[in-house]
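Residue numbers (the UniProt record's numbering), protein chains in the order written: chain A, 1 to 370; chain B, 1 to 742.
Where a beta carbon is used, it is the ideal one built from N, C-alpha and C, also for glycine.
Here the structure is a predicted model, which means the values were calculated and not measured.
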């Protein structure tokens, strides 16, 4: 079903993006190391304001709600990428479907050991793939693992550098000159992860958002290796309807030079045996016009605005089709900025808002691990 | 939305199926005849099934008769023919669609369906309604497969059986035996009709060790014969996944749907049964919970148990130093690999050079390492454990995600492990506290009940007011809406929580150097938290007693709690005395049960001791008087004490407090009301008084209770004390000067 929002929504407001403020970096000052606290028992330990204690406090604050707390967020800003980002690498991240995971802080991860990690992980993958094999394999496993950093892929200076892991297939013949093909790609990042950074000590590296593209069996092997090596924990990061609505609103609010895709929503009607999906596509400019008419605070998105935006869409739909979308479940949102599925799949389309999208995903990942 | 709609849907199906048969009068009469035969005294037949429970009972009985019918020898069944068979089939179908069938029932019916005793139509109907209530036993499946070898059932029955097996695969309790039949199933691939279904089954069943070169060859032959069939490709892809080197053919990578949806026949029923069994949480929350089909990674990612296996840290050996030469290796021999740590002395000797496990979660299963983490000061160790435990709890929690109830047992045993570790360490984990905050609002109060309540009792000491909206308010909701047993369990776990808090606080006070500052705010705040906890339990108890109409059973648990609460000052050496609510005091005082009265006396005795000691201490340390008890507490207690002594001892009840006008008493016809609550006439002690008199003068025919006076009163008291009423004894000895009474 396709419906168009007509010209009744003629009200158009220009969004004025405030220039990005230079964020003060509170973590430049050396943090007092937790070992300085004298303590003699686990319990006493927590009396001091250790990172763990701070973390628990934030959990207590959050526990009252099931959704991330801030009732307002900034609209993703353009060109937040740092200068040193490799444009080729960024292009490589776009237009791919990524499966999202949240990841607890990595223990004793070191950016200087990436080469070593490449070696260890490729050995691990080879061992895993040959485990319990009935037949003797003489040849070397024809894969290669590469760890590298995605410089500049972060929100503030205190965010750790993003890490890219690739499994490449080695060319069968050494003489062959063709480029190694990526069998599997995954990357770890942290964009505006201040809240999490505050609660860990320097032994840990916080890269709470993990995105994978490739066979799930590979994700499993690599995830297992990371869990074993850095004592971290991967959980699939699903995006519930509430957060999808936020994404819809925030991405609609982004100012685009050119729209490449319709703004589309997918609602699922839970009925059996087969569930029924309702796809609701709107011309992106109409969506923007609707957004502008509900939008009040410049540069920010508030919960009320998100609710109002979605309510408007639902009531418009109801007028035409007599179906209450509020009784169904929002499962996918796609815009020209990015598209997200409730299963925890994301595809980022617009280069300009990459950091903005990642910032929100980081927030969701942190919410999940807290 | 989902959960609400499903049962309705099946409900309709179920009715629709029945309607034609209910129309037939023979069914009606047969059914009622059966009922009468079975339960001649049951007169409820006339009421059409209005009452659900009653309906369920009936279903059970009728089902039993039906099962007896199916179990009977084949000849008679064949002779008695259609109508009875039809009736029993309908019974089975009804129960199956409504509540699911027990494993034993499924066992019998599978046997019937595959043994070829009935025609195809009947077999089909039976197979279609084989919906488990909970699980299917593996043995039944193995037996059923053995029928396939006999060749008594038709091809279509075989197909249906395979489809059923695929649909129910997840409900089979074990799969080891079935996996042993792998070769048999594999041989069935020859059958062109069965092939797609057998492929699907093998796809589910295949383990790495099942992948053999000869099987690969066979599959490739089949593929050459039949062309690129999606089901064969699926099986090949599983093989290739396990042993990539064996299969050189290229398979389409992105193919998602290999199989026709075999379970469609049962899908609705299974969902409905599962949801009914588990009683999912109420609707509005669910939209927030995210998609149902996100499975925990553990099941997909290799590991067999939730808790990781103990391994020495890989950081020192692998990542830290790149290439370790032999001499370095030898010089580092000081460190002890965890795998070698077996006994406590070993831990003591090597505690300075112990290698930490690579995954901190593994300490949960190792008591030596629990000792270790209890005394180390490394924050990162605790953080690692915290992160791992928080995420694992969240990921595994069966009610946190929709439709995740199959793993309930595993989750419960995981919680048991955590609780064991907590009681071993005598302290709670912070992850568990955070987990409770997040998950308790969604908890149905049923799933893993004892584990959750134990976790509650291990919550580390905290500011009560902060915790109340996160935890105690939710607990109160559950308390008020649940059965009396649940109420008792909650009160009991709150008692344990209070004990744990008091122990920790009393230890804490002694560890800290005593500061003489007049404003010891932290202690004040701590005492305030404890006060609020006791107050909260008092509030719960008061309402609970009203809801359960003064149940003696519940009262026992409440008084148990106050037995701990009344002794805070003396036993835990903490400056706090909190009284129980008046409602609890009065309903314990007017009880019909001597043990309740006894417990009340004991608590009053302990309160008396605590308050006296506190008063004495206060007089000594008057200058400091950090925490003076409010005079209100003393007044309250004295009022209770006066009432109690007035009732039980001096027969002058209610000088203060409750007062009845003489007219009211006259109306009630209680002339001797003053005496009626004393030790002789008290409703809970009357029996003792009577048996005391009978013991004294067995030959007397009439019993004169008023004769228990003076000397006899003292003898009666000794008699009561000899009857194990210790609390009463302590109370009378400490609170009443007996010499004043003659």
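Within chain A, the residues that residue i reaches when beta carbons sit closer than 9 angstroms
i	result
residue 590 of chain B	The contacting residues do not exist; residue 590 of chain B stays about 41 angstroms from chain A at best.
residue 360 of chain B	107, 231
residue 499 of chain B	By Cβ distance, chain A contributes nothing, its closest Cβ being about 15 angstroms from residue 499 of chain B, past 9 angstroms.
residue 310 of chain B	Chain A residues near residue 310 of chain B: none, gap ~12 angstroms exceeds 9 angstroms.
residue 526 of chain B	In chain order: nothing, as chain A lies at least about 11 angstroms away.
Partners in chain A for residue i, counting only beta-carbon separations shorter than 7 angstroms
i	result
residue 546 of chain B	Under the 7 angstroms cutoff, chain A gives no residues; its nearest Cβ is about 29 angstroms from residue 546 of chain B.
residue 160 of chain B	Going along chain A, no residue has its Cβ under 7 angstroms from residue 160 of chain B, so there is no contact; the nearest lies around 17 angstroms.
residue 395 of chain B	235
residue 117 of chain B	By Cβ distance, chain A contributes nothing, its closest Cβ being about 31 angstroms from residue 117 of chain B, past 7 angstroms.
residue 114 of chain B	Within chain A, no residue comes near residue 114 of chain B; the closest Cβ sits about 26 angstroms away, beyond 7 angstroms.
residue 465 of chain B	Simply none; closest approach about 12 angstroms.
residue 733 of chain B	In chain order: nothing, as chain A lies at least about 39 angstroms away.
Beta-bridge partners of residue i, as assigned by DSSP
i	result
residue 263 of chain A	A/282
residue 189 of chain A	A/209
residue 235 of chain A	A/102
residue 237 of chain B	Note: residue 237 of chain B sits in no beta bridge, so no partner.
residue 266 of chain B	Answer is none; residue 266 of chain B lacks a bridge partner.
residue 132 of chain B	B/101
residue 70 of chain B	Note: residue 70 of chain B sits in no beta bridge, so no partner.
residue 146 of chain A	A/166
residue 181 of chain A	A/169
residue 214 of chain A	A/184
Counted within 10 angstroms of its Cβ, other Cβ atoms place residue i as buried (16 or more) or exposed
i	result
residue 225 of chain B	exposed
residue 190 of chain A	buried
residue 163 of chain A	buried
residue 192 of chain B	exposed
residue 228 of chain B	exposed
residue 315 of chain B	Because the pLDDT of residue 315 of chain B is 48, which lies under 50, any placement of that residue in the model is unreliable, and the number read from its coordinates should be weighed accordingly. The residue in question, residue 315 of chain B, is buried, as its Cβ has 16 or more Cβ neighbours within 10 Å.
residue 446 of chain B	exposed
residue 280 of chain A	buried
residue 333 of chain A	buried
residue 45 of chain A	Its pLDDT being 38, under 50, residue 45 of chain A is placed unreliably by the model, and the measurement read from it follows with that caveat. Its Cβ being crowded by 16 or more others within 10 Å, residue 45 of chain A is buried.
residue 725 of chain B	buried
residue 606 of chain B	buried
residue 213 of chain B	exposed
residue 575 of chain B	buried
residue 539 of chain B	exposed
Cross-chain neighbours of residue i in chain A, by beta carbon under 8 angstroms
i	result
residue 496 of chain B	Neighbours of residue 496 of chain B on chain A: none; closest Cβ ~17 angstroms, over 8 angstroms.
residue 595 of chain B	Ordered by position in chain A, no residue passes the 8 angstroms Cβ test against residue 595 of chain B, which lies about 37 angstroms from the chain.
residue 217 of chain B	Result: empty, since nearest Cβ-Cβ is about 13 angstroms, beyond 8 angstroms.
residue 384 of chain B	107, 231
Partner residues on chain B for residue i, Cβ-Cβ distance less than 9 angstroms
i	result
residue 228 of chain A	308, 311, 314, 358, 359
Interface partners of residue i on chain B, CB under 8 angstroms
i	result
residue 369 of chain A	387, 390, 391
residue 129 of chain A	244
residue 217 of chain A	241
residue 112 of chain A	Going along chain B, no residue has its Cβ under 8 angstroms from residue 112 of chain A, so there is no contact; the nearest lies around 10 angstroms.
Listed by chain order, chain B residues near residue i by CB distance under 7 angstroms
i	result
residue 362 of chain A	Within 7 angstroms Cβ-Cβ: nothing; residue 362 of chain A doesn't reach chain B, min ~16 angstroms.
**Report entry** Ordered list of beta strand (DSSP E) runs contained in the segment 357 to 442 of chain B, each at least 3 residues
**Finding:** none
Requested in this report: Identify each residue in the segment 229 to 248 of chain B for which the Cβ-Cβ distance to at least one residue of chain A is less than 9 angstroms, and report them in chain order.
Outcome: 241, 242, 243, 244, 245, 246
Report task. At 4 residues or longer, and completely inside the segment 80 to 127 of chain A: list those alpha helix (DSSP H) runs for me, N to C. Result -> 87 to 93
**Report entry** Where the segment 284 to 316 of chain A meets chain B: residues whose CB sits under 9 angstroms from a CB there
**Finding:** none
Query raised in the report: Where are the alpha helix (DSSP H) runs, 4 residues long or more, that stay fully inside the segment 182 to 232 of chain B, in chain order?
Result: 182 to 187, 195 to 205, 213 to 226
Query raised in the report: What residues in the segment 184 to 210 of chain A have a beta carbon less than 8 angstroms from any beta carbon of chain B?
Result: Flagged, chain order: 200, 201, 203, 204.
Query - Secondary structure, alpha helix (DSSP H): runs of 4+ residues fully inside the segment 301 to 346 of chain A - result: Qualifying alpha helix (DSSP H) stretches, in chain order: 303 to 321.
Query raised in the report: Taking any Cβ of chain B, which residues in the segment 90 to 107 of chain A have a Cβ under 7 angstroms from it, in chain order?
Result: 104, 105, 107
Query raised in the report: Which full runs of the alpha helix (DSSP H) of 4+ residues lie inside the segment 587 to 645 of chain B, going along the chain?
Result: 594 to 620
Query raised in the report: Going along the chain, which residues of the segment 370 to 384 of chain B sit with their C-beta nearer than 8 angstroms to a C-beta in chain A?
Result: So the close ones are 373, 374, 375, 377, 378, 379, 380, 382, 383, 384.
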